[in-house]
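Going by the numbering used here, the first residue of the sequence shown is number 10, and it counts up by one from there.
We put the beta carbon where it would ideally sit given N, CA and C, even for glycine.
Heads up, the thing below is written out as structure tokens.
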Amino acid sequence: MLAAIARSASNHRRSWWSPGQAVVRAAASSGGPRPPYTTLAVSQPQQFVTHVELHRPEKLNAMSRAEMVELFSELAGNPDCRVVVFSGAGKMFTAGIDLMDMASDVLQPVGEDTARISWNLRKKIAEYQETFSVIERCPKPVVVAVHGACIGGGVDLITACDIRLCTQDAWFQVKEVDVGLAADVGTLQRLPKVIGSRRKGTGSRSCFVPAAGLVNELALTDRKMFADEAASSGLVSRVFADRRPMMAGAMELAGEIAGRSPVAVQGTKVNLLYSRDHSVAEGLDYMASWNMSMLQTEDVMKSAQAALEKKSPKTVVFSKL
10 MLAAIARSAS NHRRSWWSPG QAVVRAAASS GGPRPPYTTL AVSQPQQFVT
60 HVELHRPEKL NAMSRAEMVE LFSELAGNPD CRVVVFSGAG KMFTAGIDLM
110 DMASDVLQPV GEDTARISWN LRKKIAEYQE TFSVIERCPK PVVVAVHGAC
160 IGGGVDLITA CDIRLCTQDA WFQVKEVDVG LAADVGTLQR LPKVIGSRRK
210 GTGSRSCFVP AAGLVNELAL TDRKMFADEA ASSGLVSRVF ADRRPMMAGA
260 MELAGEIAGR SPVAVQGTKV NLLYSRDHSV AEGLDYMASW NMSMLQTEDV
310 MKSAQAALEK KSPKTVVFSK L
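Below you can see the structure in the form of structure tokens.
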């Protein structure tokens, strides 16, 4: 959460990970922010794929609360966006939320007495929580690609995304406890639902550390989690040698998702999130209610016809949603 801290510190399913030169070029930086954004560079490297890049390399990609909410609120309803790739410019992914952006809001709360100060401070905390909840709530899947450091608010951000990739030099750190506060914008709520148990040690001395124990350790000690451990615990689904192949892989994966029915893709994300927070019975009931209307789409017949003809779903033209 605290940006200044970091200054001290052969088939189409497999094609995601063997991208061609065109995809590598598409994954390149968009050239910097353009109005109305000053900290986010937004581009469309391929049809229905939006690339969002944290673009404040001179400030270690410290994040702006207002711009994130504005952008993802727009993308949620944009029919030309079916999937988002999120990355960072420069030498690292992000050092967290910008301290200067946060200082006047949180460190100097307004109010005439304790009740009013607390009320206003709670509102501000909720606004910062929305910085990342808006990403999770966006019905378009978000693929996040992490290189270098991902600190504090960066962990809040990636746990709100749907698919996480990283480079071999990436590391993750829940930093807040080290500076006197409990992480309050999403990590403590989402990280336990993202990572699973992981093996610790080797050979006969190895054992599995339960997810709860691992999350507690990371949150209470602020130790760094490096790429290999992130992969073994399920925080990331794939580790790449460096940023270039990672971005190419992210774009290939995004293209695979964007080529599917938007009704199916967005419905899948909505129901995965619902099921995460509800019982199996509740999830099944919600799914039945969802699909009693969503099954009445031409996308089902189009996809079935493509399968019968042994064609890739990416060859089907689906209406915008």
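Three-way DSSP call (helix, strand, coil) for V194 in this model: Locating residue 194 in the sequence shown gives position 185, counting from the first residue. Secondary structure of V194 (DSSP, three-state): coil.
Classify I126 as buried or exposed, calling it buried when 16 or more other Cβ atoms lie within 10 Å of its own Cβ. Within the sequence shown, numbered from 1, the residue matching residue 126 stands at position 117. Under this definition I126 is an exposed residue.
Just verifying my parser: in three-state terms, what is the DSSP assignment at Q53? Against the sequence shown, residue 53 aligns to sequence position 44. Strand, per DSSP.
Considering only residues of the segment 141–191, which uninterrupted alpha helix (DSSP H) runs meet the minimum length of 4 residues and lie entirely inside it, listed in chain order? 162–168
Taking K184 and I160 to be in contact with their CB atoms under 8 Å, please state how far apart those CB atoms are, rounded to whole angstroms. Here residue 184 is taken as the residue at index 175 of the sequence shown, counted from 1. Here residue 160 is taken as the residue at index 151 of the sequence shown, counted from 1. That belief holds up - the Cβ atoms of K184 and I160 are roughly 5 Å apart, short of 8 Å.
Counting only C-beta atoms, is R146 closer than 8 Å to chain D at any point? You won't find chain D in this structure, because it holds only one protein chain.
Could you pull the DSSP bridge partners for I106 from this structure? Within the sequence shown, residue 106 is the residue found at index 97, counting from 1. By DSSP's assignment, I106 forms a beta bridge with M72.
Who does L63 pair with in a DSSP beta bridge? In the sequence shown, counting from the first residue as 1, residue 63 sits at position 54. Looking at the DSSP assignment, L63 forms a beta bridge with L49, G97.
Count the other CB atoms within 10 Å of the CB of A179; is the residue buried (16 or more) or exposed (fewer)? Along the sequence shown, one-based indexing puts residue 179 at 170. Flag for A179 reads buried.
Beta strand (DSSP E) segment containing R247, residue limits: For the purposes of this step, residue 247 is identified with residue 238 of the sequence shown, where counting begins at 1. Per DSSP, R247 belongs to the beta strand (DSSP E) from 247–249.
Considering R252, what are the terminal residues of the alpha helix (DSSP H) in which it resides? Position 243 of the sequence shown, counted from the first residue, corresponds to residue 252. Its alpha helix (DSSP H) spans residues 252–267.
What does a CB cutoff of less than 7 Å around S312 pick up in its chain, not counting 5 residues either side in sequence? To locate residue 312, count along the sequence shown from 1; it is residue 303. Around S312: S270, P322, V325.
By DSSP's criteria, F235 is part of a beta bridge. Which residues make up the other side? Counting from 1 along the sequence shown, the entry for residue 235 is found at position 226. BP columns for F235 point to W180.
Can you give the Cα-Cα distance for S284 and G41, rounded to whole angstroms? In the sequence shown, the residue the question calls residue 284 occupies position 275. In the sequence shown, the residue the question calls residue 41 occupies position 32. Looking at the two C-alpha atoms, the distance is approximately 38 Å.
Helix, strand or coil, according to DSSP, for V92 in the structure here? As a working note, residue 92 is residue 83 in the sequence shown. Residue state, collapsed to three classes: strand.
Smallest Cα separation from A75: which of D114, Q56, S328? Residue numbering aside, residue 75 sits at position 66 when the sequence shown is read from its first letter. Of D114, Q56, S328, the residue nearest in Cα terms is D114.
Alpha helix (DSSP H) containing S298: first to last residue? The residue labelled residue 298 in the question sits at position 289 within the sequence shown. Unbroken alpha helix (DSSP H) run through S298: 289–303.
What are the partner residues of V58, as DSSP defines its beta bridges? Your numbering for residue 58 matches position 49 in the sequence shown. Note: V58 sits in a beta bridge opposite Q55, V92.
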